[in-house]
Structures are given as C-alpha cells and as structure tokens.
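Colleague: In terms of the UniProt record's numbering, the sequence shown opens at residue 1 and continues consecutively.
My structure is below; once you've seen it, I'll send some questions.
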Amino acid sequence: MTELVKLKSISKSFGGIHALKSVGFDVRPGEVHALLGENGAGKSTLMRVLGGEMVPSHGEVVIDGKPVVFRDPRDARALGIVIIHQELALAPDLTVAENIFLGELPGVISHASLRKRAKDLIDRLGFKIDPGRIAGTLAVAHQQVVEIAKALSRDIKIIVFDEPTAVLAAQDAMKLHEIIRGLRDRGVGIVYISHRLEEVFDIADRMTVMKDGQTVGTVATSDVKIDDIIRMMVGRPISAMFPERGKRVIGQEMLKVEHLNAGRMVRDVSFSVRSGEIVGLGGLIGSGRTEVARVIFGADPLESGTITLKGKMLKPRSPKDAVEAGIGLVPEDRKQQGVILDKPIRVNSTMAKMSSVVNAFGFLKRTQERADVTALGKSLRLKASSVDAPVSSLSGGNQQKVVLAKWFHADGDVIILDEPTRGVDVGAKSEIYALVNKLAEDGKAVLVISSEHQELFGLCDRVLAMGRGRIRGELTPETYSEENLLGLSMTGGALTANQGGQA
Ligand SMILES: Nc1ncnc2c1ncn2[C@@H]1O[C@H](COP(=O)(O)OP(=O)(O)OP(=O)(O)O)[C@@H](O)[C@H]1O
Ligand SMILES: [Mg+2]
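Listed below in structure tokens is the structure:
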C-alpha cells in the first residue's frame, strides 16, 4: 500500500536545540495514527514540517509517493493537508462564520450565505454554536469546534489533530471521535496527538512514540498495553499516579463563599474549602466552574453574595486585590491569561509573588529567584534550554508547566487550579499531582477544576458537581463515579455507592 505521507529522516534545530533528529513517520490512507511523547518530544514540530509551516534542516517529505518541498502552509493545504493546532488560532474579533471561511472572505459571498454554510458545518459536527458570535467570546471548547469546522470546509487528504480533546469535555471528545471515524472511513489519513492515553487506545490504529526528538518506535494498538506505551514515552513505569491522601491535616476554614451570583453562569453558589483540603469542582464544560473561579479571583464582578477569606470578608475588584489577599488562580486559558509569551520563564514563574512584594533588593532576589525556578522546573520536568528562554519557545505542555510554577512559587493561602494538567504528559501529571498535594500538606486550601473525572477522584477529598451555574451536590470518595458526577451535574439526582472506592 502506498503511504499517504512519508516523512524521511527529518531534522530540525532551533539555535542550539535539536528538536528533531532524523525522524521517520508515515500515515496510511484510512488510518488513525497516534503521535505520542512527553512534552517537548517534538510532536508539534514534526507536524509543522508536514504542514509546510516549518522548513526542516534535513530530510524529505513524500506525499502519495512523490517528494515535495513546501514553501509555506498554502502549498501543503493545496495537497489536502490540514493541521488543527494545539494552541487555538482563530481570529478573536471575527465571527464564527467569518473564521470558518476566512480564505474566501474578500469575495462576493453574502454574509447570510456564509452563516448558513457555517451553521450547516457546525450542525453536522453535532454542536450548537451561533455562527454570528464573535469567536473570541466563545468557550475554548467551542473555539476548538470552530477550528475543526473550518478544516472540514475544505477537501482533506490528511488531517492532524494536535491535542484536540485537551479542551473538550468527555461527551464532546466522544463527538469528535465520531467525526474522526467518519473521516477515516472515507480514506482520510489522520494523525492524532494526545496526552490522554485511554482515549488514544480507543481511537488509534497505530501509534508512534517520540522521545527527545527521535522516534522510539511505531506499534499497532492491538499489540500493546498502556503501560508499554508509558514506558516507551517516559523511559520508566509510573508506579502511583496519585499521591496518598492520608498525610494531610484538614484545619480551619480558609475560603468560604455564600450565595454568589454573577451573570447567568454563577447562581447562588455556596461552599467552603479548609486548610489542607483539596476540593474538586466537576461538571460539564459551560457549567459555570471557570466563572465561579473568576469571580472569587476578582476577574469578573460579583453581583451578590459574600466571599470570606480566613474569617475576613473580601471584595476583590481585580485579580490584584485577590493576589494581595492571598488567592492564586491558574487560569484555564494559559495563552490569554496565564503567561506572558515573550518574557523569560524566570520572570513568568515569579510574577505572582513579585506583584505583592516590593522588589527592593532586586539583584539579591534575582539569584534566589533563579534557584527557586530552576528547582521547580526540575521537579516538573520542564524542558527548556534555560530559565531565561522566552516562554513562546516552549512546547505547549511546557508552557502549562510555567503557569503552574508561577503559582507553586507564590505564597497565598488559597490556590484555584483551572484544568491544571491540560496538555501535560503522564510523567509530569503525576509530578503535578504531588505538588498540588504538597500545597495542601503545607496548609493551603486548594480548589481544582477539571474535566478529567479520574483526576478529580484521584486528587480531591470531595467533589462538588456543578450544572447550569449551580452547585447540584457533593461527592465523597464513597460515591466517586463518572455516573454520579454527570448525573448530579445534569439533574441533581440521587447517588449510588461506587464499587470498592476510588484510589
Ligand atoms: N520556535 C521555537 N524556538 C525554539 N525552540 C523551539 C521552537 N519550537 C519548538 N522548540 C523546541 O523544540 C522542542 C520540541 O517542541 P514541540 O513543541 O515539538 O514539543 P511537543 O512534543 O509538541 O510537546 P507538547 O506535548 O508539550 O506539546 C522543545 O524543546 C521546544 O522548546
Ligand atoms: Mg505540542
């Protein structure tokens, strides 16, 4: 069988970093080929070469048996190669419909017909999104759907999904998998990059694992187990994904919110988090979890209700107020809010602390800062040339680690983590769980928002289920299960005990 794509001995360097070292990779028609590897392994870079976005230092791209040289992404697109990027790349000020048909815009097409066609495409994907909405105002998950609709508006031979489900909830990920199976049945070649290994085993026909810019191997999914793949990726097995809950001492109430109301997404929300406690906020995407976090953090205005921090009433009017009072937030959308891309890692990771401390001894602090950040980077397995490298030069997962480092470095009492492990590899995930646990062991109150239910169950003492802006109920380890969490957040129904308890 002729491969649709064959990448031969591809190498690529950035300055001194050899991101790709003679990598080979191929995709057959009608297959889903997963590309796996730790953060910084070189997955996105390899796909940028395939998409004509990056010229390799060495090597050859062969499409349908013919060697090709791409001058830019348009050359690749002309051959039916489409990349759905890891970092969302919509034009935030244009509408959904305008984004989908960006290439055709200056023509004679009417806006009404664009919207109609956009609506048809999105309907076919099984989502409801108003084509007239400004793209930047959509939830990240829906922005992702628009990206996919945009890709499907063209003729495609090969499509690359670079961590498509990192921002999607479980049901939406399932819808996406339906779409992918449909494409596969039509003979499209699909490259699928994800750090959610269960999901990869569900959808992929073959898998290629990369490590440090090289391929470790290509295997058929039916021939391997998850543990084999983890060993290929990380170089060692991971014994325990989640830390032991036992060692934490649950103390005084740190954060208490009562009858919070803000817009449509925060309705009469009340809960509290104690020192040493890790509380989860679960539910569907769009259930109001991020909005609750933003109100507590002073990023969105509070309409009514009270926020109490260590017994003192707090009215944060801005994130600055919240940080000064001792609240930290690791935001969901790291590109928009979490990091300053052109600043070095060192500055990004210490920003939260700097804003509350007058940096009078700049130069002394700087030595300490460098040591702190280097240590933290090491424990998170941050892959970068130095702490002075700009964050924009890091791989997606490594950028996420910088956002986390920023708050692990800060000294607040309450830490809110919104999707903390999005896009992070399995090895680093277990490190992040250990660090979150450590924050709680040190007496901080931790609130975790996550769409990965197993992550909530593995990490939290209890999980609040949100639906339509309200807290619908609470799960404890005895009742932890996907069914209970989804059931509660959708209908607020009764709970059933789980089988044997959660790890
Ligand atoms: N424009 C760039 N300048 C400098 N270094 C870069 C650039 N792009 C990528 N790199 C480096 O190349 C290496 C591979 O990065 P890449 O983004 O391909 O990783 P990845 O496998 O996609 O990781 P992730 O799972 O985190 O997305 C990293 O060390 C990264 O820092
Ligand atoms: Mg990547």
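For glycine and all other residues, C-beta sits at the position ideal for the given N, C-alpha and C.
Around ligand 2, what residues have a beta-carbon under 7 Å from a heavy atom of it, in chain order?
Modeller: Taking each Cβ in turn, the ones that pass are Lys43, Ser44, Gln86, Asp162, Glu163, Ile193, Ser395, Gly396, Gly397.
Colleague: Out of Ile226, Asp223, Gly235, point me to the one whose CA is closest to Met210's CA.
Modeller: By 1-based counting over the sequence shown, the position of residue 210 is 210. If we check each option's Cα against that of Met210, Gly235 comes out closest.
Colleague: Classify Asn484 as helix, strand or coil using the three-state DSSP reduction.
Modeller: Counted from its first residue, the sequence shown places residue 484 at position 484. Three-state DSSP puts Asn484 in a helix.
Colleague: Spatial neighbours of Arg274 within its chain, please: CB distance less than 8 Å, with the 5 preceding and 5 following residues excluded, ordered by chain position.
Modeller: Here residue 274 corresponds to residue number 274 of the sequence shown, with the count starting at 1. Same-chain partners within the cutoff: Ile250, Gly251, Gln252, Glu253, Met254, Ala445.
Colleague: So, at 8 Å on beta carbons, what are the nonlocal neighbours of Val146 in its own chain, with the 5 sequence-adjacent residues on each side left out?
Modeller: Walking along the sequence shown from the start, residue 146 turns up at place 146. Same-chain partners within the cutoff: Leu90, Val96, Asn99, Ile100, Ile122, Ile129, Ala135, Leu138.
Colleague: Under the three-state reduction of DSSP, which class applies to Ser450: helix, strand or coil?
Modeller: The residue labelled residue 450 in the question sits at position 450 within the sequence shown. Coil at Ser450, not helix or strand.
Colleague: Identify every residue that forms a DSSP beta bridge with Met210.
Modeller: Residue numbering aside, residue 210 sits at position 210 when the sequence shown is read from its first letter. DSSP lists Gly37, Thr215 as partners of Met210.
Colleague: Whole alpha helix (DSSP H) runs in the region 70-140 with 4 or more residues, listed along the chain?
Modeller: Complete alpha helix (DSSP H) runs here, min 4: 73-78, 96-100, 111-124.
Colleague: Just the C-alpha distance for Arg468 and Val140, rounded to the nearest angstrom, thanks.
Modeller: On the sequence shown, residue 468 is found 468 positions in, with the first residue counted as 1. On the sequence shown, residue 140 is found 140 positions in, with the first residue counted as 1. Each residue's alpha carbon lies about 17 Å from the other.
Colleague: Could you check which residue in Lys157, Leu176, Ile156 has the C-alpha nearest to that of Glu163?
Modeller: Residue 163 sits at position 163 when you count from the first residue of the sequence shown. Here the closest residue by C-alpha is Leu176.
Colleague: Would you check whether ligand 1 has a heavy atom nearer than 6 Å to the C-beta of Gly40?
Modeller: For the purposes of this step, residue 40 is identified with residue 40 of the sequence shown, where counting begins at 1. Correct: Gly40 has its Cβ closer than 6 Å to ligand 1.
Colleague: Note the first and the last residue of the continuous beta strand (DSSP E) segment covering Asp268.
Modeller: Within the sequence shown, numbered from 1, the residue matching residue 268 stands at position 268. Element bounds for Asp268: 266-274.
Colleague: If you reduce the DSSP assignment to three classes, tell me which class Thr496 lands in.
Modeller: Counting from one through the sequence shown, the residue named residue 496 turns up at place 496. Thr496: coil per DSSP, three-state reduction.
Colleague: Counting pairs of beta carbons, one from the region 183-191 and one from the region 113-120, are three or more of them closer than 8 Å?
Modeller: Judged by Cβ distances under 8 Å, the region 183-191 makes no contact with the region 113-120, as fewer than three pairs qualify.
Colleague: Expressed to the nearest angstrom, what Euclidean distance is found between the alpha-carbon atoms of Lys43 and Ile180?
Modeller: Counting from 1 along the sequence shown, the entry for residue 43 is found at position 43. Counting from 1 along the sequence shown, the entry for residue 180 is found at position 180. Approximately 19 Å, taken between the alpha carbons.
Colleague: Would the C-beta of Ala34 count as close to ligand 1, meaning under 6 Å from any of its heavy atoms?
Modeller: Mapped onto the sequence shown, residue 34 falls at position 34. Ala34 Cβ: outside cutoff for every heavy atom of ligand 1.
Colleague: My output table needs one value for Ser22: the three-state DSSP class, helix, strand or coil.
Modeller: By 1-based counting over the sequence shown, the position of residue 22 is 22. Strand, per DSSP.
Colleague: Where does Thr491 land, buried or exposed, given buried means 16+ other C-beta within 10 angstroms?
Modeller: The count along the sequence shown starts at 1 and reaches residue 491 at position 491. That one is exposed.
Colleague: Mind the definition here: the region 8-26 touches the region 192-205 only if three or more C-beta pairs lie below 8 Å; say whether that holds.
Modeller: No, because fewer than three Cβ pairs between the region 8-26 and the region 192-205 fall closer than 8 Å, the two stretches do not touch.
Colleague: With a CB to CB cut of under 7 Å and the five nearest residues on each side skipped, what residues in its chain are close to Arg317?
Modeller: Along the sequence shown, one-based indexing puts residue 317 at 317. Contacts found: Gly298.
Colleague: I think Ala293 touches Ile416, with their Cβ atoms under 8 Å apart; what is that distance to the nearest whole Å?
Modeller: Position 293 of the sequence shown, counted from the start, is the residue given in the question as residue 293. Position 416 of the sequence shown, counted from the start, is the residue given in the question as residue 416. Sure, about 5 Å apart at Cβ, within 8 Å.
Colleague: Of all the beta strand (DSSP E) runs that stay within the bounds of the region 243-313, which reach a length of 3 or more residues?
Modeller: Listed in chain order, the complete beta strand (DSSP E) runs (minimum 3 residues) inside the region 243-313 are 253-262, 266-274, 278-283, 304-309.
Colleague: Hey, would you say the C-beta of residue 511 is under 6 Å away from at least one heavy atom of ligand 1?
Modeller: Absent from the structure is residue 511, since the part of the chain shown begins at 1 and ends at 503.
Colleague: Have a look at Ile83 and Ala151 and give me their C-alpha separation to the nearest angstrom.
Modeller: Reading the sequence shown from its first residue, position 83 is the one you call residue 83. Reading the sequence shown from its first residue, position 151 is the one you call residue 151. Approximately 8 Å between the Cα atoms of the pair.
Colleague: With which residues is His58 paired in a DSSP beta bridge?
Modeller: Residue numbering aside, residue 58 sits at position 58 when the sequence shown is read from its first letter. Ser11, per the DSSP bridge assignment.
Colleague: Could you spell out where the beta strand (DSSP E) holding Val436 opens and where it closes?
Modeller: Within the sequence shown, the letter at position 436 stands for residue 436. It is not in any beta strand (DSSP E) - Val436 instead sits in the alpha helix (DSSP H) that spans 426-441.
Colleague: Counting only the same chain and skipping the five closest in sequence on each side, list residues whose C-beta sits under 8 Å from that of Glu291.
Modeller: Within the sequence shown, the letter at position 291 stands for residue 291. For Glu291, where only same-chain residues beyond five positions count, the Cβ hits under 8 Å are Ala262, Gly263, Met265, Val266, Asp300, Gly469.
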